[in-house]
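Protein sequence lines correspond, in order, to chains A and B. If you read the first sequence in the numbering used here, its first letter stands for residue 1, the second for the next number, and so on. If you read the second sequence in the numbering used here, its first letter stands for residue 247, the second for the next number, and so on. Beta carbons are placed, not taken as given, at the ideal position from N, Cα and C, and that holds for glycine. Input: a single structure, listed below in structure tokens.
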Amino acid sequence: MNILVCISKAPDTTSKIAFTNNNTQFDENGVQYIVNPYDEWYALVRALELKESIGGNVTIVTVGTTADEAIIRKALAIGADEAVRIDADPKDAYFVAMQIASFAKAKGFDLVMTGKETINYNGSQVGGMIAEAMDLPFISLATKLDASGTKLTLEREIVGGVQVVEVETPAVVSCAKGMAEQRIPNMRGIMAARTKPLTIIPAEEVADLSSYVSYNMPNAKSSVKMIDPSNMDELVALLHNEAKVI
Amino acid sequence: MVLVYINSTTGLSKAALETVTYGKKIGGDVTVVTNGSASSEQLAQLGQYGASKVLVDRSVDGEDPQQLTRLIAAVADQIGASSVIFSHDIYGKAVAPRLSVRMKAGLVAGAIAIPESDGSIKVNVFSGKAVGFVKVASDKQIISLLPNSIQPEQSGNSCSVEEISGHAGSSAIRVLETKKPEGNIPLPEAELVVSAGRGLKGPENWGMIEDLAQALGAATACSRPVADIGWRPHHEHVGQTGVAIRPNLYIAAGISGAIQHLAGVNGSKVIVVINTDKEAPFFKAADYGVIGDAFEVIPRLTEAVKRFKATQH
Ligand SMILES: Cc1cc2nc3c(=O)[nH]c(=O)nc-3n(C[C@H](O)[C@H](O)[C@H](O)COP(=O)(O)OP(=O)(O)OC[C@H]3O[C@@H](n4cnc5c(N)ncnc54)[C@H](O)[C@@H]3O)c2cc1C
């Protein structure tokens, strides 16, 4: 099975979130970038497991600049066979999806996998957009994926439960928790990653459909009110009279 | 013209009423398009929240986002919609991005408020650690609204309901099995949530969490390690790499309040933290704090809630 895994960079989960330029830009000062956890832990690792069990090839693709080659090498160290970087500094999900769709269409992958969302912009947009641009079925928030021949069997989240579904390849799948377990790259993988092919291709002209005009930090909480652990009637009264939530 | 998509296969959810209210608030004439089996009488009630017409395609089960995209795009085209509104739930997440490409309309994913005066729309970014304002550059826009961001408001009378068909094409996705535990309140929509972490020591101790949740009419949630070791199902895991929620009340027992956990819950209106360690970081994000043993405090709180409920009737 010929699989494409879309990966994005994301700030390390412990990064301090701040903005510059009059709150119009994310402050990258001191920020360490990682592979977006959903892309790495779930999409990439499950793609590798499928390759190990039924054979095939795993390509990773990211839309990014030279600065993003560190996360590409990380994904190669975990086990992807080859990498493609579409050379641009992406501004919106539509731009990213159009670039990847146009690349993927030309290559004829059996399966395109994404994480369910990035942990910085949390949009859940790219997978569905790629699917529409390629006119392929889309299974979102999949928590399990198996393949046999041209048939994919998946489990996906639905309101208040899960559902088992079946679809023919080619298809696009966005991956959520449950798909696979995180893999830590070993020394051999890290060495091998240095010599695996990384192809850089130019971006196509695509107009953005949206942009972030500014950012803000949420209002800080006023100080916490402590309640005596033996007096839960007081807590309930406060939740009713003061907070008005029950 | 505003078009609102709702899924009505299991009746009218609160999230559906929120999206119709949102459509009304951004202005203009609101048409609702839906699929599924809700009765026409039920659907007509959407008029009370601002819809002037409901179009329902009963032949579409809603399991294939591609079918829904074709259906919604056809209706949007017919009525000349300039805005299409979804709930940012599993349907919104699967269909809105497809529709964005099909209509070449910018998507604001996870809106948490009505548009600002400059037309930009507030969304959570960095898993709730900050907010951003998104502006759409295209003539048409698509907005998916995070559940529980606005309250449904009644403003009108019941409206007309019309059956439609023939737009959706065939489904490429075959459903083999649906597993839905009975009686659970889906977490993303819940207004009240009781959550617990590793401080509870083992899965056998969740009975008291469920009792409290039941007394309150709340959903249950947990921290990541608890789901990872299998004490609780994955769909209960909240945080930066789990579900992000914004209930009115979030009660956290035996959870330390790591930054990745806070990211998914700090949009909650009111946070109550119960922890034995007075230095637990979660207290800094809390509105009400209880320093104490969850094994004693939770049953006591459940009793207090029951006493309070008894006085309410
Ligand atoms: C990339 C990444 C992503 C992550 N994403 C998430 C995420 O999405 N969600 C998430 O939750 N975590 C996430 N984590 C993990 C996070 O860093 C914490 O490890 C985790 O939240 C801790 O869970 P906990 O609070 O249940 O356990 P602990 O940190 O072990 O805390 C247990 C707490 O219980 C208290 N306690 C003990 N006994 C009692 C008692 N009897 N009564 C009351 N209190 C008691 C203790 O004082 C302590 O504060 C992520 C980590 C990384 C690196």
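Any non-hydrogen atom of ligand 1 within 7 Å of residue i CB
i	result
G510 (chain B)	yes
T143 (chain A)	no
D539 (chain B)	yes
H507 (chain B)	yes
H481 (chain B)	no
D233 (chain A)	no
N219 (chain A)	no
D523 (chain B)	yes
Q313 (chain B)	no
S514 (chain B)	no
Q182 (chain A)	no
G453 (chain B)	no
R478 (chain B)	no
P37 (chain A)	yes
Contacting residues, own chain, Cβ-Cβ under 7 Å from residue i (five flanking each side not counted)
i	result
V165 (chain A)	I139, L154 and R156
I54 (chain A)	M1 and A147
P434 (chain B)	D335, P393, V489 and I491
T249 (chain A)	Lying outside 1 to 246, the shown extent of chain A, residue 249 (chain A) is not represented and no answer is given.
Residue range of the alpha helix (DSSP H) that includes residue i
i	result
A75 (chain A)	E69 to I78
R344 (chain B)	I336 to M349
L263 (chain B)	K260 to I272
I54 (chain A)	V45 to I54
V511 (chain B)	I505 to V511
E287 (chain B)	S286 to A290
Y94 (chain A)	A93 to K107
M454 (chain B)	G453 to L462
8 Å Cβ cutoff, residue i in contact with chain B
i	result
Q125 (chain A)	yes
P202 (chain A)	no
L209 (chain A)	yes
L239 (chain A)	yes
L145 (chain A)	no
T13 (chain A)	yes
G128 (chain A)	yes
E40 (chain A)	no
I251 (chain A)	Any question about residue 251 (chain A) goes unanswered here, given that chain A covers just 1 to 246.
V173 (chain A)	no
P170 (chain A)	no
N122 (chain A)	yes
K177 (chain A)	yes
First through last residue of the beta strand (DSSP E) which encompasses residue i
i	result
A147 (chain A)	F138 to S148
T195 (chain A)	Per DSSP, T195 (chain A) belongs to no beta strand (DSSP E) and is neither H nor E.
I544 (chain B)	Premise fails: I544 (chain B) lies in the alpha helix (DSSP H), A540 to Q558, not in any beta strand (DSSP E).
N521 (chain B)	V516 to N521
N241 (chain A)	Note, N241 (chain A): premise wrong, no beta strand (DSSP E); alpha helix (DSSP H) at M232 to N241.
E155 (chain A)	K151 to I158
F332 (chain B)	S329 to S333
G127 (chain A)	Careful: G127 (chain A) lies outside any beta strand (DSSP E), inside the alpha helix (DSSP H) at V126 to M134.
Nonlocal neighbours in the same chain, by C-beta distance under 6 Å from residue i, ignoring five residues either side
i	result
K375 (chain B)	A509
K386 (chain B)	S328, M349 and A351
I389 (chain B)	I331, V354 and A357
G79 (chain A)	L48
Cut-off 8 Å between Cβ atoms - residues of its own chain near residue i, not counting five sequence neighbours on either side
i	result
N21 (chain A)	none
W452 (chain B)	A442, L446, T466, W477 and R478
V377 (chain B)	I358, K368, V369, N370 and V371
Buried or exposed (CB count within 10 angstroms, at least 16 for buried), residue i
i	result
S223 (chain A)	exposed
D92 (chain A)	buried
I158 (chain A)	buried
L249 (chain B)	buried
E423 (chain B)	exposed
N521 (chain B)	buried
E264 (chain B)	buried
A531 (chain B)	buried
D523 (chain B)	exposed
T62 (chain A)	buried
I475 (chain B)	exposed
Cutoff 8 Å: residue i Cβ touching any chain A Cβ
i	result
N512 (chain B)	yes
P361 (chain B)	no
G443 (chain B)	no
R478 (chain B)	no
E542 (chain B)	yes
T487 (chain B)	yes
Q312 (chain B)	yes
H559 (chain B)	no
R546 (chain B)	yes
9 Å Cβ cut-off: residues of chain D touching residue i
i	result
L141 (chain A)	As a matter of chain content, chain D is missing from the structure shown, whose protein chains are A and B.
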